[in-house]
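Mind the numbering: the sequence shown is residues 1 to 79 in full-length UniProt numbering, read in order. Notes follow the structure.
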Amino acid sequence: MSKILLTAFVIAAAISIWSMLRKANKPPTPKKGQSAPPRLRRMVRCTVCGAQVDEQLTLNHGRGPACLEHSQQSHKAKP
Ligand SMILES: [Zn+2]
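Structural data, given as structure tokens:
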């Protein structure tokens, strides 16, 4: 009878150790709710080349949104 108890105890210990090791090996999962939700980015069309660009990356100068490249070009065009 004691053999059965011992076997059961050993199996239970092995399972608990195994589950602990599994938890330890797992990479930390990002907690949901804490991280900010992905922001929707508004895409606008460059008035110069017509490329879709992130609105945050555009510079609006009079004629409408232009991508960084073309807004810089227009700045350099005429001093
Ligand atoms: Zn452009």
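From the three backbone atoms N, C-alpha and C, an ideal C-beta is built for every residue, glycine too.
**Message:** Quick check on this structure: which residue in Leu21, Lys3, Ser71, Arg39 has the alpha carbon closest to the alpha carbon of Val48?
**Reply:** Val48 has its Cα closest to that of Ser71, out of Leu21, Lys3, Ser71, Arg39.
**Prompt:** Based on the DSSP output, what are the partners of Val44 in its beta bridges?
**Reply:** Bridge partners of Val44: Val53.
**Prompt:** ligand 1 heavy atoms versus the CB of Glu69: any closer than 7 Å?
**Reply:** Under cutoff, so the answer is yes.
**Request:** Give me the Cβ distance between Gln52 and Arg42, rounded to the nearest whole Å; I'm assuming they're in contact under 8 Å.
**Result:** So it is not a contact: roughly 10 Å between Cβ atoms.
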